[in-house]
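Engineer: First, the structure itself, so that you have it in front of you.
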Amino acid sequence: MAFPAPKPEGPQIPQVLLRSVDCQQGPVRAVRFNVDGNYFLSCGADKSLKLWSVKRGTLLKTYSGHGYEVLDADSSFDNSQLCSCSSDKTVILWDVASGQVTRKLRGHAGKVNCVQFNEEATVMLSGSIDGSVRCWDTRSRKQEPIQILDEARDSISSLKVAQHELITGCVDGRLRRYDLRMGQLHVDFISSPITCVCFSADGQCTLSSSLDSTLRLLDKSTGELLGEYTGHQMKGYKLDCCLSSKDTHVLSCSEDGHVYCWDLVEGSLALKLPVGKAVVQSMSFHPSECRLLTAMEGRVQLWSNQSESTEENMDTADIL
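With full-length UniProt numbering, the residue at position 46 of the sequence shown is 46, and numbering never jumps.
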């Protein structure tokens, strides 16, 4: 007698709160998973950057060196270095193990909103309210950037690097995609100031959020609008958006204390995750697992699609 094959499970959405961490660094401006998802970074209004263990929720190290609140951070592919940016107009390269400042780079004329390593961590890219993206060589001792991209007409709110491509979101309502290998610039006009941009995991699409409370999914090569996602509130804050690790869902922070999650293809709202009563300012999706970090005021919350006891049982089964 043949038993019917079990139905394949649908895409999972993180909706179980595993833990909430009091970061004790004032309002958390940004929260980021590291490259393998075992650690996360929290950027504080108290000028500090903190490194945490995801599994235990414990503080591993505090990095102090900025003169004003830290707005964004990233970790290198080998977890040996961190980079961060701040309202103090600087970009800092850190040694993870020692907690020391390796380099402090000045050059932007205003606060630096976003920063990211390239894939090999040989270059840091930073976007500022001064409308420029600056590329810094991490292996050189020179204080000048190796390249300045100054096509934007307003503040750079967000940037993402993937292989040889860079996308930037700007308050002038334009999403710019730079092909760094070919030396080409492609511009998509979105009628509202952009607060966050990202690539899809397959690299074929770009997602942008803007102050008209709308997320837009565009075909990267043609600029064709593939989907619009609405329902959340984004009118006056710079809030994060992202795609799930398998490109099944689109997620956005919201000013009403929720994270909204839509089915990417259908565009329907799959989940309205109640995080708290304040603005959810930042979030980060795990690079491979169904886990989500959210930041609200001075706390970071870790969400999963199953309870911690279930996850521990699965870990034990894997070991056995």
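For every residue, glycine included, the Cβ atom is placed at its ideal position computed from N, Cα and C.
Using only the alpha-carbon positions, how far apart do threonine 195 and serine 157 sit?
Structural biologist: Approximately 5 Å between the Cα atoms of the pair.
Engineer: In whole angstroms, what separates the C-alpha of cysteine 198 from that of lysine 50?
Structural biologist: For cysteine 198 and lysine 50, the distance between alpha carbons rounds to 24 Å.
Engineer: Per DSSP, what kind of secondary structure is arginine 141 in: helix, strand or coil?
Structural biologist: In the structure shown, arginine 141 sits in coil (DSSP, three-state: anything other than H, G, I, E or B).
Engineer: When you compare only the Cα positions, how much space is there between asparagine 118 and methionine 124?
Structural biologist: Looking at the two C-alpha atoms, the distance is approximately 6 Å.
Engineer: For residue 329, count neighbouring C-beta atoms within 10 Å of its own C-beta (all shown protein chains included) and say buried if the count is 16 or more, exposed if not.
Structural biologist: Nothing about residue 329 can be read from this structure; the chain reaches only from 1 to 320.
Engineer: Skipping 5 residues on each side, what residues in its chain have a beta carbon closer than 8 Å to that of valine 31?
Structural biologist: So the list reads Phe40, Leu41, Ser42, Cys43, Ser282, Met283, Ser284, Leu293, Thr294, Ala295 and Val300, once near-sequence residues are dropped.
Engineer: Given this structure, state the Cα-to-Cα distance separating serine 288 from aspartate 72, to the nearest angstrom.
Structural biologist: About 21 Å.
Engineer: Rounded to whole angstroms, what is the Cα-Cα separation between glutamine 81 and histidine 66?
Structural biologist: Straight-line Cα distance between these residues: approximately 16 Å.
Engineer: Please determine, among Leu239, Thr206 and Arg177, the residue with the shortest C-alpha to C-alpha distance to residue 393.
Structural biologist: An answer regarding residue 393 cannot be provided, because it is not within the stretch 1 to 320 covered by the chain.
Engineer: Verify whether the separation of the beta carbon atoms of valine 112 and serine 86 is less than 9 Å.
Structural biologist: The answer is yes: Cβ separation under 9 Å.
Engineer: Would you list the one or two residues that DSSP bridges to isoleucine 13?
Structural biologist: Answer is none; isoleucine 13 lacks a bridge partner.
Engineer: Could you pull the start and end residues of the beta strand (DSSP E) that aspartate 72 belongs to?
Structural biologist: It spans 70-75 - the beta strand (DSSP E) in which aspartate 72 sits, taken as one unbroken run.
Engineer: With DSSP run on the structure shown, which of helix, strand or coil describes cysteine 242?
Structural biologist: Of the three classes helix, strand and coil, the one that applies to cysteine 242 here is strand, per DSSP.
Engineer: From this set, Leu185, Val70 and Gly173, which residue's C-alpha is nearest histidine 164's C-alpha?
Structural biologist: Of Leu185, Val70 and Gly173, the residue nearest in Cα terms is Leu185.
Engineer: Going by beta carbon distance, what residues of the same chain come within less than 7 Å of leucine 226, once the five residues before and after it are set aside?
Structural biologist: These residues qualify, in order along the chain: Cys205, Leu217, Leu218 and Asp219.
Engineer: With DSSP run on the structure shown, which of helix, strand or coil describes alanine 121?
Structural biologist: In this structure, alanine 121 counts as coil in the three-state DSSP scheme.
Engineer: Determine the DSSP secondary structure at glutamine 184, reduced to helix, strand or coil.
Structural biologist: DSSP places glutamine 184 in strand when its eight states are reduced to three.
Engineer: Arginine 291 and serine 307 - do their beta-carbons sit closer together than 9 Å?
Structural biologist: Contact flag unset, no.
Engineer: If I'm right that serine 126 touches histidine 108 with Cβ under 8 Å, what's the distance once you round it to whole angstroms?
Structural biologist: Rounded, the Cβ-Cβ distance is 7 Å, consistent with contact.
Engineer: Does DSSP put glycine 163 in a helix, in a strand, or in coil?
Structural biologist: For the sequence presented, residue 163 should be read as glutamine rather than glycine. In this structure, glutamine 163 counts as coil in the three-state DSSP scheme.
Engineer: What does the Cβ neighbour count give for threonine 316, buried or exposed, with the cut at 16 atoms within 10 Å?
Structural biologist: Residue placement at threonine 316 cannot be trusted, given a pLDDT of 37 that sits under 50; the coordinates are not used to answer.
Engineer: Do you know offhand how far residue 355's Cα is from isoleucine 190's?
Structural biologist: What is shown of the chain runs 1 to 320, which leaves residue 355 out entirely.
Engineer: With a CB to CB cut of under 7 Å and the five nearest residues on each side skipped, what residues in its chain are close to aspartate 46?
Structural biologist: Excluding residues within five positions, the ones whose Cβ falls inside 7 Å are Gln25 and Gly26.
Engineer: Applying the 10 Å Cβ sphere with the 16-neighbour rule, what's the burial state of asparagine 34?
Structural biologist: Result: buried.
Engineer: For the beta strand (DSSP E) that cysteine 261 lies in, which residues bound it at each end?
Structural biologist: 258-263 is the span of the beta strand (DSSP E), which, as asked, contains cysteine 261.
Engineer: Where does the unbroken beta strand (DSSP E) through proline 27 begin, and where does it stop?
Structural biologist: From DSSP, proline 27 is part of no beta strand (DSSP E); its letter is neither H nor E.
Engineer: Helix, strand or coil for asparagine 305 per DSSP?
Structural biologist: Three-state DSSP puts asparagine 305 in coil, outside helix and strand.
Engineer: Suppose the cutoff is 7 Å on Cβ atoms and the five residues either side in sequence are ignored; what does the same chain contact list for alanine 201 look like?
Structural biologist: Hits under 7 Å: Leu243, Ser245, Lys246 and Asp247.
Engineer: What distance in whole Å lies between the Cβ atoms of glutamine 12 and leucine 273, which are believed to be in contact at a cut-off of 8 Å?
Structural biologist: Between glutamine 12 and leucine 273 the Cβ distance is about 13 Å, and since that is not below 8 Å, they are no contact.
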